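**Student:** Would you mind keeping the following structure in view while I ask a few things?
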């Protein structure tokens with residue numbers, strides 16, 4: 202899988218990761234839980250490392266920690282999670298719980314979820330980064346109504362990562378957010394890369410463009426992800442799934458040539 206440099210450190214990060222929303226919010230008694238070790242197998246086998254979670258995602262952190270603790274090797278995982286509460290003490294308690302649930306002494310990326318009480322949490326994140334408990338810090342959001350505040354924080358605060366919504370049919374970040382991240386040296390993780398699911402439903406019965414073999418993809422999900430990865434400001438995409446077959450398919454977007462501008466414009470037209 203291709204990698205891209207995290208601008209603040211030049212560390213290489215594989216360009217397709219895994220989101221755990223919904224798919225990992227299951228316990229050992231759920232039949233879906235039994236598929237999840239194979240999801241991690243596919244991620245790591247294809248060269249991916251980033252696993253993104255949050256206290257907001259129900260049991261996802263705990264499930265991720267359980268499965269990684271018995272997975273060999275564990276070392277490839279680049280663990281990302283979030284703080285999602287108000288108050289300094291409450292944020293510290295929640296992040297300590299994330300360390301416990303993920304069964305780790307170090308979290309690679311800690312993000313302030315949806316900018317909730319970010320002014321309070323950011324000093325704690327900086328302190329923990331200086332101590333080596335977390336390696337990178339960032340902010341997240343998923344809705345265009347927050348873009349103005351996201352921009353303001355990016356301009357005011359040095360950050361390592363922004364996680365933001367970006368999809369073939371949801372391109373609002375292209376105008377100002379992505380150029381600003383490039384200017385500020387902020388890595389970009391794309392959440393909701395299939396636009397909430399409606400995008401793939403609209404595309405599934407359409408024929409793939411004739412040039413897909415040139416960019417080494419063979420499915421609409423792969424092409425939708427490669428569209429995002431073809432933007433120079435994007436560092437990684439994190440499609441969520443609890444299905445090993447979908448994980449294997451998604452990961453293929455991380456291989457082969459990126460799209461040309463003409464190919465991207467054709468996809469925009471196809472997506473309507």
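In my numbering, the protein residues as written are 202 to 473. By construction, the Cβ of each residue, glycine as well, lies at the ideal position given by its N, Cα and C atoms. Since this is a predicted model, take the numbers as computed values, not measurements.
I need the DSSP call for residue 294, collapsed to helix, strand or coil.
**Tutor:** In the structure shown, the three-state DSSP call for residue 294 is helix.
**Student:** Apart from the five residues on each side of it in sequence, which residues of its chain come closer than 8 Å, Cβ to Cβ, to residue 445?
**Tutor:** 236, 239, 240, 242 and 243
**Student:** What residue range does the alpha helix (DSSP H) around residue 395 cover?
**Tutor:** That residue, residue 395, is in no alpha helix (DSSP H); it is neither H nor E in DSSP.
**Student:** Indicate whether residue 339 and residue 318 have their beta-carbon atoms separated by less than 8 Å.
**Tutor:** no
**Student:** Cβ atoms of residue 286 and residue 255: under 8 Å apart, would you say?
**Tutor:** For the 8 Å CB-CB criterion, residue 255 and residue 286 do not form a contact.
**Student:** Are the CB atoms of residue 472 and residue 370 nearer to each other than 8 Å?
**Tutor:** Their beta carbons are under 8 Å apart, which means residue 472 touches residue 370 by this criterion.
**Student:** What's the call for residue 356, buried or exposed, on a 16-neighbour Cβ count within 10 Å?
**Tutor:** exposed
**Student:** Sort 224, 325, 367 and 427 by Cα distance to residue 389 and report the nearest one.
**Tutor:** 367
**Student:** Alpha carbon to alpha carbon, how far is residue 222 from residue 258? Give it in angstroms, no decimals.
**Tutor:** 5 Å
**Student:** Please name the residue, chosen from 448, 261 and 251, that lies closest to residue 225 on a Cα-to-Cα basis.
**Tutor:** 261
**Student:** Please specify which runs of the alpha helix (DSSP H), each continuous and at least 4 residues long, are wholly inside the region 381 to 448, giving them in chain order.
**Tutor:** 399 to 404 and 421 to 430
**Student:** In whole angstroms, what separates the C-alpha of residue 427 from that of residue 400?
**Tutor:** If you take the alpha carbons of residue 427 and residue 400, they lie about 14 Å apart.
**Student:** Taking the C-alpha atoms as reference points, what is the distance between residue 450 and residue 310?
**Tutor:** Spanning the alpha carbons of residue 450 and residue 310 requires a straight line of approximately 25 Å.
**Student:** Which of the three DSSP states, helix, strand or coil, is assigned to residue 450?
**Tutor:** helix
**Student:** Report the three-state DSSP secondary structure of residue 258 (helix, strand or coil).
**Tutor:** Assigned with DSSP and collapsed to three states, residue 258 falls in helix.
**Student:** What is the rounded straight-line gap between the Cα of residue 180 and the Cα of residue 264?
**Tutor:** Outside the shown range of the chain (202 to 473) lies residue 180, about which nothing can therefore be said.
**Student:** Consult DSSP for residue 368 and reduce its assignment to one of helix, strand or coil.
**Tutor:** In the three-state reduction of the DSSP assignment, residue 368 falls in the strand class.
**Student:** What is the DSSP secondary structure of residue 361, counted as helix, strand or coil?
**Tutor:** coil
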